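Since the structure comes first, as C-alpha cells, the remarks are kept for the end.
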Amino acid sequence: MDFLVDDYTSLEVLPIEVKSGKDFKRHRALDVFLANEDYSVKQAVVLSNNREVTTASNGVTYMPIYYCMFFTHPSEAHADVILPELEPLI
Numbered sequence: 009m010d011f012l013v014d015d016y017t018s019l020e021v022l023p024i025e026v027k028s029g030k031d032f033k034r035h036r037a038l039d040v041f042l043a044n045e046d047y048s049v050k051q052a053v054v055l056s057n058n059r060e061v062t063t064a065s066n067g068v069t070y071m072p073i074y075y076c077m078f079f080t081h082p083s084e085a086h087a088d089v090i091l092p093e094l095e096p097l098i
C-alpha cells in the first residue's frame, strides 16, 4: 500500500496503491489490508498505466494513474470523483 486517505467526516480510510507494471492486479499488501476485518475497509484504489476503469468484486477500483488529479473531497461542489465513495467513471 502506498497511500491511506483519511476522511474524518465519515471516519473511513481509502487505501491507494500505485503500480507501474503489467501485473497491476497483483497486490498482496492491499489484499491483506482489505481482508483484515478490524479495519472495516470496504473499498480501495489501484492506480496504474492501464487505461480502463474497472471495479473488482472485492471493492478494488482499478484506474489510470492520471485520474488521481480528479480526487477531491466531498465538500467541494465541483467534484468529478468523490472519495471514498468511488464509482467507475466510464
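Heads up, the sequence shown is in my numbering, so the first residue is 9 and it goes up one at a time.
No residue lacks a Cβ here, since even glycine has one placed at the ideal position from N, Cα and C.
Computed from a prediction, not measured in an experiment: that's the story for all the values here.
query: Taking all protein chains shown into account, decide if E8 is buried (16 or more other Cβ within 10 angstroms of its Cβ) or exposed.; result: Residue coverage of the chain in this structure runs from 9 to 98, which leaves residue 8 outside it and unanswerable.
query: Which partner residues does V2 have in the DSSP bridge list?; result: Residue 2 cannot be examined here, being either before or after the span of the chain that is shown, 9 to 98.
query: If you follow the alpha helix (DSSP H) that D15 is in, where does it begin and where does it stop?; result: D15 -> not in any alpha helix (DSSP H); beta strand (DSSP E) instead, spanning F11 to D15.
query: Which residue comes first and which comes last in the alpha helix (DSSP H) that contains L42?; result: R36 to A43
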